[in-house]
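Trainee:
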Amino acid sequence: MPTLDVPEERLKKFKYRGKDASARRQQRVALSLELRKAKKDEQALKRRSITCVSLDLASKGVGQHLVCSGFRVFEIQFADSNVSLTLDEIIKGVNSSDLAVCFQATQAIRKMLSRERNPPLKVIVESRVIPRIVEFLKSSHHPCLQFEAAWALTNIASGTSAETQAVVKGGAIPPLAELLSSPNMTVCEQAVWALGNIAGDGPEFRDVVISSNVIPRLTALVSSTTSITCLRNVTWTLSNLCRSKDPYPCKEAVRQILPVLSHLLQHQDSEILSDTCWALSYLTDACSERIALVLDTGVLPRLVELLTSVELSVLITCLRNVTWTLSNLCRSKDPYPCKEAVRQILPVLSHLLQHQDSEILSDTCWALSYLTDACSERIALVLDTGVLPRLVELLTSVELSVLTPSLRTVGNIVTGTDHQTQMAIDAGMLKVLPQLLQHPKSSIQKEATWALSNVAAGPQQHIQELITHNLLLPLVALLRNGEYKVQKEAVWTVANFATGASSDQLFQLVHFGVLGPLLNLLTVPDVKIILIILSIISYVLQASQKLSDKKSLCLLLEELGGMDRIEALQLHENCQISWAALKIIENHFGEVSDLPLKRSGHTS
């Protein structure tokens, strides 16, 4: 027969203090990553080259890049470019033995695919001309033909995965990789762009591109003699080689790329800085071992510098990327980032917390949530920066992307010492919690209830603060009407409250109607929650003896149908539940229920 703990001791076994519950914390971290990654796919995976301006490649030998509608744009006009060809003529021309005809047909394809709206990518793929266009990439004595072919393939690869796959199956990657060493920089740059689109399709093609030995060739292009437009394309393509995490790029590739990213991080061009930061953000969105590879390059001081740079203050995209990368550097906890790195980062996070951009605020708050998801000593490092009042202020944000991580951070802080919890109370945390407990989003209700449970786990002084700030009524409302995930957190909160409260404080909770919703939850298929509720009821009954009010409480339980529910639990298949129910009946209602106890074996 199970050993019965006294109610207080049994309840303490369930007592939830955030700093001691790693499994529940891991669930919250997993959710936080899901929430914040949902908005982090805005960097273009692929870029299509669209017609915008005219130049004569044949006479000038070079192209000119422009920016148009967010794409890097290349346009060359030839003397015979007004020739209109049908699709059949194009297919026939591409397969001609006359290179001049091949050039004209390939250029016609490129122009069709360079339309801003509805380029006929599928039509070109289904015409089966890709292998022939790939052949033209090898025409080293005809750079104009190479360029048109590379441009056409760039735009096909900017389409769907199936269209990108057609380019790969057509054998384009090896000759495109070779063109990275072309003496003609216009051709070279177009090859860079094409490979970037292929790598941007996903990890499978990314790894095929990497295996074609493109990284040394790409990094060789990062020099002072390379044009700014080419350097932008190289940086963007490198960022696509860092992208995707299922699987991550191989460590050898990462080791080759990182020194170049470290170098590019010193550049002054905002587009290069932005894509470099994207690359670093992908590489740091990983385990601590991979984060260490990035930190070993010494990029952290430069990232910190970028975040506080006056010159870059207007470059909001770059600032967002750096903040996101910095938050990833804070995220790992096996092991935690070293204290020296944390000390470098914290003043910058404190500075960024004053920003008005919601994305920057969101990632800053996530960074702080990672740093506070730790022992009280590390929580103290964050509190020493003076960020707490601003975090509490952000609890009133209408932006869910800001509210969620700021609430998580404050919730983490109150898992610390009683003094740290008092700091959060003094900063006004409890003034905001009532409205968060009634937030329309159940995820916010759950986070707010979790934070409340950690305050309730403190001394009676903190419990009295909950009463003073009118938090009992919304807590009981969530127990009664909240989603089950919120109700579970509310049960933990009541358990913590019951364990630490005085008898008077406990009966204030009873006065607000906590027993009815608790009794209703005795029917849930969750053994631990049922055991906690039975322990709470037993503890309240025991406390009622001190106030000589046990009879009234027993009558209340009976009126609420509690007796019937508790008696029924004597037949529960879990022996701990049936035993706990039996002891409540025996100890507090004067007689054993007439219902038989469950037994093992058969009766004769």
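Residues 1 to 604 (the UniProt record's numbering) are what the sequence shown spells out, left to right.
All C-beta atoms in this analysis are idealised placements derived from N, C-alpha and C, irrespective of residue type, glycine included.
1. Where does Gly411 fall in DSSP's three states?
2. Tell me which residue opens and which closes the alpha helix (DSSP H) that Gln256 is part of.
3. Going by beta carbon distance, what residues of the same chain come within less than 6 Å of Gly458, once the five residues before and after it are set aside?
4. Leu555 to Gly516, Cα distance in whole Å?
5. Restricting to Cα atoms, I'd like to know which of Arg232, Phe512, Lys485 and Gly500 is closest to Pro525.
6. At a cut of 8 Å, does the stretch 501–508 reach the stretch 535–553 through at least three beta carbon pairs?
7. Is Gln570 buried or exposed, if buried means 16 or more other CB atoms sit within 10 Å of its CB?
8. In angstroms with no decimal places, state the Cα-to-Cα distance between Pro249 and Phe512.
9. Evaluate His462 with the Cβ neighbour count: other Cβ atoms within 10 Å of its Cβ, from every protein chain shown; 16 or more gives buried, anything less gives exposed.
10. Alpha carbon to alpha carbon, how far is Gly428 from Val392? Give it in angstroms, no decimals.
11. By a C-beta neighbour count over all protein chains shown, 10 Å radius and 16 as the cutoff for buried, is Cys144 buried or exposed?
12. What residue from Glu586, Lys92, Ser140 and Leu176 has the CA that sits closest to Met563's CA?
13. Using the Cα positions of Arg232 and Ser362, report the straight-line distance between them to the nearest angstrom.
14. Note down the Cα distance separating Trp278 from Leu557, rounded to an integer number of angstroms.
15. So the candidates are Ile272, Ser327, Ala194 and Val168; which of them puts its Cα closest to the Cα of Thr284?
16. Can you tell me the Cβ-Cβ gap for Ala150 and Ala194, rounded? I've got them flagged as a contact below 8 Å.
17. Evaluate Lys46 with the Cβ neighbour count: other Cβ atoms within 10 Å of its Cβ, from every protein chain shown; 16 or more gives buried, anything less gives exposed.
18. Measure the alpha-carbon distance for Ser281 versus Leu241 and round it to whole angstroms.
19. Could you say which of Gln354, Ser358, Leu407 and Leu349 lies nearest to Leu381 if we only look at CA atoms?
20. Which residues in the same chain as Leu307 place their Cβ atom closer than 8 Å to its Cβ, once the five residues preceding and following it in sequence are excluded?
21. Rounded to whole angstroms, how far is the Cβ of Arg243 from the Cβ of Arg206, which I believe are closer than 8 Å?
22. Put Asp201 into one of helix, strand or coil per three-state DSSP.
23. Just to confirm, are Leu264 and Val222 a CB contact at a threshold of 8 Å?
24. Let's see if you can read the secondary structure: which residues bound the alpha helix (DSSP H) around residue 609?
25. Using a 10 Å radius around the Cβ and a threshold of 16 neighbouring Cβ atoms, would you call Val398 buried or exposed?
26. Quick one, which of Leu388, Glu189, Leu436 and Leu293 has its alpha-carbon nearest Leu475's?
27. Cβ of Val234 within 8 Å of Cβ of Leu218?
28. Just to confirm the assignment, what range does the alpha helix (DSSP H) spanning Ala157 have?
29. If you run the structure through DSSP and keep just helix, strand and coil, what is Pro517?
30. Would you mind giving the Cβ-Cβ distance between Glu447 and Arg408, rounded to the nearest angstrom? I have them listed as a contact below 8 Å.
31. Asn118: buried (16+ other C-beta within 10 angstroms of its C-beta) or exposed?
32. Quick one: what's got a C-beta closer than 7 Å to Val125's C-beta in the same chain, skipping five residues either side?
33. Output the distance between the C-alpha atoms of Arg132 and Ala177, rounded to the nearest integer angstrom.
34. Compare the Cα-Cα distances from Ser406 to each of Leu534, Met423, Leu388 and Gly416 and report the closest residue.
35. Would you call the CB atoms of Gln266 and Arg302 closer than 8 Å?
Mentor: The relevant details are as follows:
1. As a working mapping, residue 411 is identified with position 411 in the sequence shown. It is helical.
2. For the purposes of this step, residue 256 is identified with residue 256 of the sequence shown, where counting begins at 1. It spans Lys251 to Leu264 - the alpha helix (DSSP H) in which Gln256 sits, taken as one unbroken run.
3. Locating residue 458 in the sequence shown gives position 458, where the first residue counts as 1. Here the set comprises Asp418 and Thr421.
4. Translated into positions along the sequence shown, residue 555 becomes position 555. Translated into positions along the sequence shown, residue 516 becomes position 516. If I take the Cα positions, the gap works out to 13 Å.
5. As a working note, residue 525 is residue 525 in the sequence shown. The shortest C-alpha separation from Pro525 is found at Lys485.
6. Contact between the stretch 501–508 and the stretch 535–553 is present, because at least three Cβ pairs lie under 8 Å.
7. In the sequence shown, counting from the first residue as 1, residue 570 sits at position 570. Buried, since its Cβ has 16 or more Cβ neighbours within 10 Å.
8. As a first step, residue 249 is located in the sequence shown; it is residue number 249 there, counting from the start. As a first step, residue 512 is located in the sequence shown; it is residue number 512 there, counting from the start. Approximately 56 Å between the Cα atoms of the pair.
9. Position 462 of the sequence shown, counted from the first residue, corresponds to residue 462. With 16 or more other Cβ atoms within 10 Å, it is buried.
10. Looking up residue 392 in the sequence shown gives position 392. Looking up residue 428 in the sequence shown gives position 428. Those two C-alpha atoms are separated by around 7 Å.
11. Sequence index remark: in the sequence shown, residue 144 carries index 144 (1-based). It counts as buried.
12. Translated into positions along the sequence shown, residue 563 becomes position 563. Checking every option, the nearest Cα to that of Met563 belongs to Glu586.
13. Within the sequence shown, residue 232 is the residue found at index 232, counting from 1. Within the sequence shown, residue 362 is the residue found at index 362, counting from 1. The alpha-carbon atoms of Arg232 and Ser362 are separated by roughly 28 Å.
14. The sequence position of residue 278 within the sequence shown is 278, counting from 1. The sequence position of residue 557 within the sequence shown is 557, counting from 1. C-alpha separation (whole angstroms): 59 Å.
15. Translated into the one-based positions of the sequence shown, residue 284 becomes position 284. Of the listed residues, the one whose Cα sits closest to Thr284 is Ser327.
16. Along the sequence shown, one-based indexing puts residue 150 at 150. Along the sequence shown, one-based indexing puts residue 194 at 194. Sure, about 5 Å apart at Cβ, within 8 Å.
17. Position 46 of the sequence shown holds residue 46. Buried: at least 16 other Cβ atoms inside 10 Å.
18. By 1-based counting over the sequence shown, the position of residue 281 is 281. By 1-based counting over the sequence shown, the position of residue 241 is 241. Spanning the two alpha carbons is a distance of roughly 12 Å.
19. Counted from its first residue, the sequence shown places residue 381 at position 381. Nearest option by C-alpha distance: Leu349.
20. Mapped onto the sequence shown, residue 307 falls at position 307. Closer than 8 Å at the Cβ level, and outside the excluded window around Leu307, lie Leu319, Val322, Thr323, Leu326, Val348, His351 and Leu352.
21. Counting from 1 along the sequence shown, the entry for residue 243 is found at position 243. Counting from 1 along the sequence shown, the entry for residue 206 is found at position 206. Indeed they touch by this definition, with Cβ atoms about 7 Å apart.
22. Within the sequence shown, the letter at position 201 stands for residue 201. Three-state DSSP puts Asp201 in coil, outside helix and strand.
23. On the sequence shown, position 264 is the one that residue 264 refers to. On the sequence shown, position 222 is the one that residue 222 refers to. Yes.
24. What the structure shows of the chain is the stretch from 1 to 604, and residue 609 is not part of that stretch, so it cannot be assessed.
25. As a first step, residue 398 is located in the sequence shown; it is residue number 398 there, counting from the start. Result: exposed.
26. If you number the sequence shown from 1, residue 475 lands on position 475. Closest option to Leu475, Cα to Cα, is Leu436.
27. Residue 234 sits at position 234 when you count from the first residue of the sequence shown. Residue 218 sits at position 218 when you count from the first residue of the sequence shown. For Val234 and Leu218, yes; Cβs fall inside 8 Å.
28. The residue given as residue 157 occupies position 157 in the sequence shown. It spans Pro143 to Ala157 - the alpha helix (DSSP H) in which Ala157 sits, taken as one unbroken run.
29. The residue given as residue 517 occupies position 517 in the sequence shown. Pro517: helix per DSSP, three-state reduction.
30. Along the sequence shown, one-based indexing puts residue 447 at 447. Along the sequence shown, one-based indexing puts residue 408 at 408. Indeed they touch by this definition, with Cβ atoms about 6 Å apart.
31. Here the question's residue 118 lines up with position 118 in the sequence shown. Taking all protein chains in view, the Cβ of Asn118 is surrounded by fewer than 16 other Cβ atoms within 10 Å, so the residue is classified as exposed.
32. Position 125 of the sequence shown, counted from the first residue, corresponds to residue 125. Excluding residues within five positions, the ones whose Cβ falls inside 7 Å are Ile156, Glu163 and Ala166.
33. Within the sequence shown, the letter at position 132 stands for residue 132. Within the sequence shown, the letter at position 177 stands for residue 177. Approximately 17 Å between the Cα atoms of the pair.
34. Counted from its first residue, the sequence shown places residue 406 at position 406. The candidate whose alpha carbon is nearest that of Ser406 is Leu388.
35. As a working mapping, residue 266 is identified with position 266 in the sequence shown. As a working mapping, residue 302 is identified with position 302 in the sequence shown. Going by C-beta atoms, Gln266 is nearer than 8 Å to Arg302.
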